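Novice: Below you'll find the structure I mean.
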Amino acid sequence: MCGIVGSIGRGEGTVDVLMDGLRSLEYRGYDSAGIALGPETTVLRKSGELDALSEVVDATEPTGTYGIGHTRWSTHGPPTDRNAHPHTDESGRVAVVHNGIIENYAALKAELEETGVTFTSDTDTEVVPHLIAQRLDAGVDPETAFHDTVDRLEGSYAIAAIVEGRETIYAARQGSPLVVGVGDGTTYLASDVPAFVDHTRDVVFLEDGQRVVATPDGYTVLDSDRQLVDMAVETVSYTAEATGKSGYDHYMLKEIHEQPTALRQCFSGRADALDGTITLEEVDEIPQPDAVQFVACGTSYHAALYGAAILREMGIPAEAYLASEYALSPPPVSLGTLVVGITQSGETADTLAALRDAKSRGVSTLALTNTVNSTAARECDHAVYIRAGPEIGVAATKTFSSQLVGCNLLAEELVDGPRDLRPLIESLRDLPDDVQSILDSSRAGELVEEYADSDAYFFIGRGTNVAVALEGALKCKEISYEHAEGFPAGELKHGPLALVTPETPVFAVVTGDDERARKTLGNIKEVQARGAPVIAVTDGVSDAAEIADETLMIPETSERAAPVLANVQLQLFSYHLADALGRPIDKPRNLAKSVTVE
């Protein structure tokens with residue numbers, strides 16, 4: 238949440254670089270935005286989406302040879318002009334942008350106010366430029382003033398600052414992502430690579446505690462003791478085109494349609510259909526764990542529920558925990574426990590806190606993530622990448638599907654003993670084509686015409702389909718703003734059935750024809766008896782299509798692959814519903830893509 242961008246060495250093109258970078262980072266926050274330019278510090282900022290700032294920039298035509306920018310997801314103070322970043326000291330010579338939460342800001346603010354400093358915003362960030370200015374007034378140089386200030390901060394932050402008259406950008410990272418882009422004569426700073434991938438794919442991934450000093454001549458990285466650090470420059474694999482809309486109306490729709498490619502990438506080179514083996518080189522040395530604890534948030538938590546369910550079916554005790562609860566009320570572990578953090582970004586604050594707690598108690602940790610060299614990948618003992626490619630839409634789509642496939646691969650690698658995996662491998666291998674067939678033929682858009690004015694939407698399933706029901710409800714509520722809930726189908730009669738009316742369509746995920754499917758058919762009849770219309774998401778193996786009011790069909794496949802396909806139908810329904818209601822699909826209110834604060 239919140240996006241930071243910076244550029245130095247670009248010269249007269251700096252303003253365009255900053256604005257383009259902010260546009261690429263708007264998925265991280267869009268409450269307000271601003272830029273600061275040097276060498277004569279000029280600050281422009283505006284509440285609202287980036288277009289509001291663009292109007293200010295076009296009207297004022299600011300100039301500068303280097304600068305920093307910010308797009309905000311509010312934590313301290315409402316999204317107003319005065320709370321927008323960058324923030325400055327009283328003289329306007331220091332400008333700062335910040336992502337994260339400064340936990341000791343109240344004490345720092347009180348200290349500054351006692352010296353006569355007047356604050357003009359409600360943010361925690363504003364203490365930073367005032368502290369830097371205080372050190373400058375004490376006679377220290379700007380770099381030392383920046384280091385001295387960062388040394389006093391507690392919490393999570395990525396910070397970038399400029400000081401009038403000093404052609405330098407100072408930056409620091411602690412608990413919030415910050416990367417350096419190494420261009421031809423230009424150094425870029427950003428919360429995420431898409432901000433500068435148009436200009437360079439050469440990247441330095443900073444670690445917690447590190448600081449950066451960037452000038453037109455290049456950059457240096459220092460540790461918290463202000464000692465130089467030699468950092469490797471890596472080349473990211475994706476291009477600027479991968480982070481664009483490619484002609485789609487929304488990133489979310491594009492990323493739904495990218496799922497066949499994402500699934501191929503996740504599966505490629507990790508299974509052999511001929512000899513029926515699955516190999517994840519990243520974890521092939523891990524012994525079978527005594528128990529597995531998944532920790533995750535949001536969509537990733539639903540993937541964790543799925544992963545835990547399939548491991549239990551394979552005989553491994555496994556549970557999924559909300560990461561925000563795990564760190565505060567950690568469950569017991571043994572030395573044979575493996576804690577798996579599922580996180581698309583690898584920077585989710587709650588998930589990192591849970592993984593760190595687990596590691597502090599001496600157990601092995603593993604990150605299942607989409608982001609190479611993310612904090613989770615670096616800090617865990619092991620990392621498995623789902624290879625979904627960049628995902629810009631706030632509502633996760635292709636990463637969830639890839640997480641489900643990643644859970645299957647991980648489970649088979651963790652569990653010892655001979656098994657014939659050829660049927661599973663074949664179904665996973667066929668997923669890209671099966672997903673494509675859904676994308677080509679789905680009736681989800683047609684159903685929206687009938688159900689767009691409903692009072693609420695309910696989603697039910699059993700077994701691994703519970704995760705899909707919960708994810709279907711989450712997608713619906715976060716982009717359509719309509720009330721939606723997901724339940725294990727058997728729990729309907731223990732309370733939620735009181736909410737069911739003829740104006741509350743129920744999406745029932747029914748795959749296969751085992752006992753769980755047959756019991757779900759009974760739940761369908763329960764809600765129909767209360768007048769609710771039922772849309773069955775089904776493969777046609779059971780009688781669900783015959784008894785439901787409407788159907789969204791998926792190809793017949795294995796029990797473990799079917800949830801991936803059912804999920805695609807629910808994604809499409811939520812997308813078309815939100816589109817019909819005129820919602821800002823890629824920028825749902827109050828939400829951000831990567832939640833880097835607890």
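Counted the way the working numbering counts, the sequence shown spans residues 238 to 835.
Using N, Cα and C, we set each Cβ at its ideal position, and we do this for glycine too.
No experiment lies behind these values; they were computed from the predicted model shown.
#1: Of all the options G422, A409, L426, A408, which has the alpha carbon lying nearest to the alpha carbon of V416?
#2: Excluding the five sequence neighbours on either side, which residues of its own chain have a C-beta within less than 8 Å of the C-beta of L658, listed in chain order?
#3: By Cβ distance below 7 Å, which residues in the same chain neighbour K712 in space, the five residues on each side in sequence not counted?
#4: Buried or exposed: A432, going by 16 or more other Cβ atoms within 10 Å of its Cβ?
#5: Can you tell me whether DSSP reads N336 as helix, strand or coil?
#6: From the DSSP output, read off the bridge partner residues of R410.
#7: Who are the Cβ neighbours of A528 in its own chain at under 6 Å, not counting the five residues just before and after it?
#8: Just reading off the alpha helix (DSSP H) that P669 is part of, what are its end residues?
#9: Is R753 helix, strand or coil when you go by DSSP?
#10: Using the Cβ count rule (16 or more neighbours within 10 Å means buried), how would you classify Y463?
#11: Name the DSSP bridge partner or partners of M790?
#12: What are the start and end residues of the alpha helix (DSSP H) that includes K482?
#13: Who pairs with G698 in a beta bridge, going by DSSP?
#14: Looking at A769 and V743, is the spacing between their C-beta atoms short of 9 Å?
#15: I'd like to know whether the C-beta atoms of T741 and D692 end up nearer to each other than 9 Å.
#16: State the DSSP-derived secondary structure class of D509, mapped to helix, strand or coil.
#17: Identify every residue that forms a DSSP beta bridge with S269.
#18: Applying the 10 Å Cβ sphere with the 16-neighbour rule, what's the burial state of L572?
#19: Please state the DSSP three-state secondary structure of A632.
#20: Buried or exposed: where does L511 fall if 16 or more other Cβ atoms within 10 Å of its Cβ makes it buried?
#21: Excluding the 5 residues flanking G578 on each side, which residues of the same chain have their C-beta closer than 6 Å to its C-beta?
#22: Would you report the Cα separation of N804 and A704, rounded to the nearest angstrom?
#23: Taking the alpha-carbon positions, what's the T278 to Y543 distance?
#24: Thinking C-beta only, is G304 closer than 9 Å to I245?
#25: Indicate whether G271 and H322 have their beta-carbon atoms separated by less than 9 Å.
#26: Relative to the C-alpha of Q447, which residue among L255, A347, V778, I396 is closest?
#27: Starting from T457, follow the alpha helix (DSSP H) in both directions and report where the run begins and ends.
#28: Could you check what DSSP says for T514 in three-state terms: helix, strand or coil?
#29: Leaving out five residues before and five after T608 in sequence, what residues of the same chain have Cβ atoms less than 6 Å from its Cβ?
#30: Going by beta-carbon coordinates alone, are E708 and T536 separated by less than 9 Å?
#31: For the segment 417 to 463, list the beta strand (DSSP E) runs that are entirely contained and at least 3 residues long, ordered along the chain.
#32: By the 10 Å Cβ neighbour count, where 16 or more other Cβ atoms means buried, how is H731 classified, buried or exposed?
#33: Have a look at S291, L548, A710 and flag the residue whose alpha-carbon is nearest the alpha-carbon of E722.
#34: My understanding is that A289 touches A332, with C-beta atoms under 8 Å, so please give their C-beta distance in whole angstroms.
#35: Quick one, are the C-beta atoms of D786 and V801 less than 9 Å apart?
#36: How is E363 classed by DSSP in three states: helix, strand or coil?
Specialist: Straight from the coordinates:
#1: Within the sequence shown, numbered from 1, the residue matching residue 416 stands at position 179. Answer by Cα proximity: L426.
#2: If you number the sequence shown from 1, residue 658 lands on position 421. So the list reads A508, G513, T514, I515, E649, once near-sequence residues are dropped.
#3: The residue you call residue 712 lines up with position 475 of the sequence shown. So the list reads A632, L807, Q808, S811, once near-sequence residues are dropped.
#4: The residue you call residue 432 lines up with position 195 of the sequence shown. By the 10 Å Cβ count, A432 comes out buried.
#5: The count along the sequence shown starts at 1 and reaches residue 336 at position 99. Looking at N336 - three-state DSSP - the assignment turns out to be strand.
#6: Indexing the sequence shown from 1 puts residue 410 at position 173. Per DSSP, A395.
#7: Taking the first residue of the sequence shown as 1, we reach residue 528 at position 291. Only P554, T574 meet the Cβ criterion.
#8: Walking along the sequence shown from the start, residue 669 turns up at place 432. Run containing P669: 659 to 678, per the alpha helix (DSSP H) assignment.
#9: For this step, residue 753 is matched to residue 516 along the sequence shown. Three-state DSSP puts R753 in a helix.
#10: Within the sequence shown, the letter at position 226 stands for residue 463. At residue 463 the sequence reads Arg, which differs from the Tyr that was named. When all chains shown are included, R463 counts as exposed.
#11: Within the sequence shown, residue 790 is the residue found at index 553, counting from 1. Per DSSP, T775.
#12: Indexing the sequence shown from 1 puts residue 482 at position 245. Taken as a continuous stretch (DSSP letters only), K482 belongs to no alpha helix (DSSP H), as it is neither H nor E.
#13: By one-based count along the sequence shown, residue 698 stands at place 461. The partner list for G698 (beta bridge, DSSP) reads P725.
#14: For the purposes of this step, residue 743 is taken as residue 506 along the sequence shown, with counting starting at 1. For the purposes of this step, residue 769 is taken as residue 532 along the sequence shown, with counting starting at 1. Cβ atoms of V743 and A769: closer than 9 Å.
#15: For the purposes of this step, residue 741 is identified with residue 504 of the sequence shown, where counting begins at 1. For the purposes of this step, residue 692 is identified with residue 455 of the sequence shown, where counting begins at 1. Yes, these two residues count as a Cβ contact at 9 Å.
#16: On the sequence shown, residue 509 is found 272 positions in, with the first residue counted as 1. Strand.
#17: The count along the sequence shown starts at 1 and reaches residue 269 at position 32. According to DSSP, S269 bridges with S284, R309.
#18: Position 335 of the sequence shown, counted from the start, is the residue given in the question as residue 572. Exposed: under 16 other Cβ atoms inside 10 Å.
#19: For the purposes of this step, residue 632 is identified with residue 395 of the sequence shown, where counting begins at 1. It is coil, neither helix nor strand.
#20: Mapped onto the sequence shown, residue 511 falls at position 274. Answer is exposed; the Cβ neighbour count stays below 16.
#21: Within the sequence shown, residue 578 is the residue found at index 341, counting from 1. So the list reads V532, T588, L592, A604, A613, once near-sequence residues are dropped.
#22: By 1-based counting over the sequence shown, the position of residue 804 is 567. By 1-based counting over the sequence shown, the position of residue 704 is 467. Roughly 9 Å between the two C-alpha positions.
#23: On the sequence shown, residue 278 is found 41 positions in, with the first residue counted as 1. On the sequence shown, residue 543 is found 306 positions in, with the first residue counted as 1. Near 52 Å, if we compare the C-alpha coordinates of Y543 and T278.
#24: Here the question's residue 245 lines up with position 8 in the sequence shown. Here the question's residue 304 lines up with position 67 in the sequence shown. The answer is yes: Cβ separation under 9 Å.
#25: What you label residue 271 is simply residue 34 of the sequence shown in a count that begins at 1. What you label residue 322 is simply residue 85 of the sequence shown in a count that begins at 1. Cβ atoms of G271 and H322: closer than 9 Å.
#26: In the sequence shown, the residue the question calls residue 447 occupies position 210. Selected option, being the one with the closest Cα: I396.
#27: Translated into the one-based positions of the sequence shown, residue 457 becomes position 220. Where T457 is concerned, there is no enclosing alpha helix (DSSP H), although the beta strand (DSSP E) it sits in stretches over 455 to 459.
#28: Along the sequence shown, read from residue 1 onward, the residue named residue 514 stands at position 277. Looking at T514 - three-state DSSP - the assignment turns out to be strand.
#29: For the purposes of this step, residue 608 is identified with residue 371 of the sequence shown, where counting begins at 1. Correct list, in chain order: S582, G583.
#30: As a first step, residue 708 must be located in the sequence shown, where it is residue number 471. As a first step, residue 536 must be located in the sequence shown, where it is residue number 299. Against a cut-off of 9 Å, the Cβ pair of T536 and E708 comes out as a contact.
#31: 424 to 427, 439 to 442, 448 to 452, 455 to 459
#32: For the purposes of this step, residue 731 is taken as the residue at position 494 of the sequence shown. It counts as exposed.
#33: Position 485 of the sequence shown holds residue 722. Taking only the C-alpha atoms, the option nearest E722 is A710.
#34: As a first step, residue 289 is located in the sequence shown; it is residue number 52 there, counting from the start. As a first step, residue 332 is located in the sequence shown; it is residue number 95 there, counting from the start. Going by Cβ atoms, the distance from A289 to A332 rounds to 19 Å, so no, they are not a contact pair.
#35: Here residue 786 refers to the residue found at position 549 when the sequence shown is read from its first residue. Here residue 801 refers to the residue found at position 564 when the sequence shown is read from its first residue. No, the Cβ-Cβ distance between D786 and V801 is not below 9 Å.
#36: One-based indexing of the sequence shown puts residue 363 at position 126. DSSP places E363 in coil when its eight states are reduced to three.
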